[in-house]
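Here's the structure we're looking at; comments come further down.
2 protein chains.
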Amino acid sequence: MGNTEISIENAEQKILTAARNVFIRKGFAGARMQEIADEAGINKALLHYYFRSKEKLFEVIFKESFGKLLPELADIFQQPGSVFEKIERFTEAYISIVMEHPFIPVFVLSEIHRNPDEFFDTYIRQELAGNIQIIAQQFAVAAQQGIIRPIDPRQLMMNVMSLCVFPFVARPMLQRIMHVNDAAFMQLLQERKTAVSQFIIQAIKP
Amino acid sequence: MGNTEISIENAEQKILTAARNVFIRKGFAGARMQEIADEAGINKALLHYYFRSKEKLFEVIFKESFGKLLPELADIFQQPGSVFEKIERFTEAYISIVMEHPFIPVFVLSEIHRNPDEFFDTYIRQELAGNIQIIAQQFAVAAQQGIIRPIDPRQLMMNVMSLCVFPFVARPMLQRIMHVNDAAFMQLLQERKTAVSQFIIQAIKP
DNA sequence: TTTGCAATTAACCAAATGGTTAAACCAAGT
DNA sequence: ACTTGGTTTAACCATTTGGTTAATTGCAAA
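So the sequence lines, in the order shown, correspond to chains L and A.
Going by our numbering, the first residue of the first sequence is number 3, and it counts up by one from there.
Going by our numbering, the first residue of the second sequence is number 3, and it counts up by one from there.
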C-alpha cells in the first residue's frame with residue numbers, strides 16, 4: 003500500500019500547517035503552543051523538539067512565507083519595460099502570489115508593529131531598499147518627462163502598495179460588508195489583478 | 003492654586019492614555035495589564051477598580067476611538083452631491099480624522115481578525131451596512147450613466163478604502179522605506195488628503 | 001474631631017503558558 | 001533477539017498573567 007505522499011504528512015509538516023493557521027487566527031502573542039499542538043494532532047513537547055521555541059517556530063513560518071514574495075517582486079522593477087508595464091507586472095504578480103499565500107500580508111503587518119526595526123533590517127534594507135529607490139526614481143523621471151501626470155512618487159508608491167495589500171488584510175471585514183463568500187471573494191481578487199493596474203494607469207497617464 | 007485642568011490628570015484618564023499606547027504597541031493579546039499600570043503610574047489593581055477586566059478596558063478605548071470616525075463618515079454619503087464630490091469629502095474626512103487618532107485603523111484591523119463577527123455586528127451592520135449599499139449603488143448608477151468609467155463598484159469601494167487606510171496601518175514600514183521622520187510623514191498625509199481623491203477621480207472620470 | 005466613602009495600594013491567588021525532562025515507542029540494522 | 005537512533009509522549013516546572021482581597025490613605029461632610 004505505498005502511499006506516503008500526501009495523505010500521511012510527517013509531524014514537522016503538520017506542525018507548520020497548524021502553526022500557520024493559529025498564528026493567522028490569533029497573531030503571535032495570542033497564539034498558544036498547546037493550540038498549535040492540538041491542531042497538529044501531536045504532543046506539545048514535539049513542537050519544541052522540532053522548533054526550539056515559539057519565536058523560532060514563528061520565524062520559520064514567516065521567513066518561508068515572505069521568502070516566496072520578495073524575490074519575485076524585486077525582480078520586476080529590475081527588468082526593462084515602461085513604467086506602465088512594470089506596474090502591470092507588479093500588481094499582477096503581487097496579487098497572484100498572495101492569493102496562494104494569503105497569510106503573508108497579515109504576518110507582515112503584525113511584524114512591522116511588533117518588531118519594526120528587526121523586520122526592516124532583516125527583509126527590507128538588504129533585499130528591497132535599493133529597488134524601492136529605483137522605483138521612486140523611475141516614477142519621478144516618468145513624471146518629469148511627461149510620460150505620466152505629475153505626481154509625488156512617494157504617494158504613487160503608497161497607492162500601488164495600498165491597492166494591492168489592503169484587500170488581503172481587511173478581508174474578514176470586506177467579505178461581510180459586501181456579502182460575498184470565499185469563492186466570490188477569490189473571484190474578486192482574480193479580477194483585481196488587472197483592475198488595479200488599469201485603475202492606476204488610468205489615474206496617472208497624462 | 004486652581005489648576006486641575008490639564009496638568010493633573012485623574013487616574014482614569016491616565017489609565018486610558020496608557021492603555022491606548024500599550025494596546026497600539028502590543029495588540030490586545032500582547033498587552034500586559036502590569037505594563038499599562040506602570041505606564042499610567044498607578045497600581046495594577048486600580049485598573050480593575052475602574053475597568054473590570056482587560057477586555058472591558060479595551061472595549062472602552064476601542065469604542066471611544068471608533069465612535070469618532072463612524073458617524074462623520076456615514077454622514078457624507080447621505081448628503082447630496084456628485085460622486086466626485088462625495089469621494090473628495092470622504093477621503094478628506096477619513097484622513098483628517100485618522101491623522102488625529104492614528105491608532106484607529108490598527109485597532110480595527112486587529113479586531114476584525116480577533117473577533118470579526120462581533121465587530122461586524124456591533125459597528126458595521128447597524129451603522130454602516132445601509133450606507134455601504136447606498137455607496138455601491140451610487141457608483142453603479144454613475145458608471146451606467148457614463149458619469150464615471152465602467153468599473154465594478156465593489157472594486158472601486160475597495161480602492162477608496164485601500165488608499166485611505168493603508169498608509170496608517172503600514173506606517174512603521176513606510177517611514178523606514180521612504181526615510182521620512184514623523185513630521186515629514188504627517189506632511190505626506192496632509193498632502194494625501196487631496197492627492198488620493200485626485201488620483202481616484204482621475205482614474206474613474208470618463 | 002469624627003465619620004464615612006471613594007480612591008489607592010501591597011500582597012496574594014489560581015490558572016495559563018512556554019519550556020524541560022525522563023521515559024516509552026518504534027522502525028532499521030546487526 | 002538485541003541494540004541503536006530518532007521520534008513521541010506524559011508528567012512536571014518556573015514564570016507570567018489577569019484578577020482578587022483586605023487593608024490603608026485621603027478627603028469632604030457632619
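We treat Cβ as the ideally placed atom computed from N, Cα and C, and that holds for glycine.
Please read all numbers here as calculations on a predicted model, not as lab measurements.
Unbroken alpha helix (DSSP H) run spanning residue 263 (chain L), endpoints
No answer is possible for residue 263 (chain L): it lies beyond the span of chain L, which begins at 3 and ends at 208.
Nearest chain A C-beta to residue 22 (chain L) closer than 8 Å, yes or no?
no
Under the three-state reduction of DSSP, which class applies to residue 8 (chain A): helix, strand or coil?
Caution applies to residue 8 (chain A), whose pLDDT of 34 falls short of 50 and renders its modelled position unreliable; the model cannot decide the point.
In the structure shown, what three-state DSSP assignment does residue 178 (chain L) receive?
helix
Run through DSSP, which three-state label would residue 169 (chain L) get?
helix
Would you mind sorting residue 196 (chain L) into buried or exposed? The rule is 16 or more other CB atoms within 10 Å of its CB.
exposed
Identity of the residue in A:175, A:90, A:194, A:105 nearest residue 206 (chain A) by Cα:
A:90
Thinking C-beta only, is residue 76 (chain L) closer than 8 Å to residue 113 (chain L)?
no
Kindly list the residues whose CB is nearer than 6 Å to the CB of residue 177 (chain L), restricted to its own chain and excluding five residues on each side of it in sequence; keep chain order.
187
Give the single residue among L:141, L:106, L:25, L:175 whose Cα lies nearest to the Cα of residue 84 (chain L).
L:141
Contacts of residue 167 (chain L) in chain A (Cβ-Cβ under 8 Å):
164, 168, 172
Where does the unbroken alpha helix (DSSP H) through residue 140 (chain L) begin, and where does it stop?
131-146
Under 7 Å: does the beta carbon of residue 156 (chain A) sit that close to some heavy atom of the ligand ZN?
Absence of the ligand ZN from the depicted structure is noted, as is the absence of any ligand whatsoever, leaving it without description.
Expected contact under 8 Å - CB spacing of residue 1 (chain L) and residue 103 (chain L) to nearest Å:
This structure gives no information on residue 1 (chain L), because the portion of chain L shown stretches from 3 to 208.
How long is the line joining the alpha carbons of residue 50 (chain L) and residue 116 (chain A), rounded to whole angstroms?
26 Å
Residue 31 (chain A) touches chain L at which residues, Cβ-Cβ below 9 Å?
28, 29, 30, 31, 32, 33
If you draw a straight line from the C-alpha of residue 152 (chain A) to the C-alpha of residue 157 (chain L), how long is it?
25 Å
Counting only C-beta atoms, is residue 100 (chain A) closer than 8 Å to chain L at any point?
no
Can you give me the Cβ contacts of residue 107 (chain L) inside the same chain, cut-off strictly under 7 Å, excluding the 5 residues immediately before and after it?
100, 167, 170, 171
What's the C-alpha gap between residue 131 (chain L) and residue 65 (chain L)?
18 Å
For residue 119 (chain A), the three-state DSSP class (helix, strand or coil)
helix
Which chain L residues are close to residue 179 (chain A), counting only those with a beta carbon under 7 Å from its beta carbon?
126, 134
Please report whether the beta-carbon of residue 122 (chain A) lies at a distance below 8 Å from any beta-carbon of chain L.
yes
Going by alpha carbons, who is nearest to residue 63 (chain A) out of A:24, A:154, A:179?
A:24
Establish whether the CB of residue 184 (chain L) and some CB of chain A are separated by less than 8 Å.
no
Under 8 Å, do residue 31 (chain L) and residue 29 (chain A) count as touching if we go by C-beta distance?
yes
Express the C-alpha separation of residue 72 (chain A) and residue 164 (chain A) in angstroms, rounding to a whole number.
17 Å
How would you list, in chain order, the residues of chain L whose beta-carbon sits under 8 Å from the beta-carbon of residue 111 (chain A)?
111, 171, 172
Whole-Å CB distance - residue 136 (chain L) paired with residue 162 (chain L), under 8 Å assumed
That pair is no contact at about 14 Å.
Contact under 8 Å by Cβ, residue 44 (chain L) with residue 13 (chain L):
yes
Range of the contiguous alpha helix (DSSP H) that encloses residue 73 (chain L):
56-78
I'd like to check one pair, residue 174 (chain L) with residue 118 (chain A): are the Cβ atoms closer than 8 Å?
yes
Skipping 5 residues on each side, what residues in its chain have a beta carbon closer than 7 Å to that of residue 88 (chain L)?
78, 79
Which stretch, first to last residue, makes up the alpha helix (DSSP H) that contains residue 96 (chain A)?
85-102
To the nearest angstrom, how far is it from the Cα of residue 52 (chain A) to the Cα of residue 110 (chain A)?
24 Å
Can you tell me whether residue 105 (chain L) is helix, strand or coil according to DSSP?
helix
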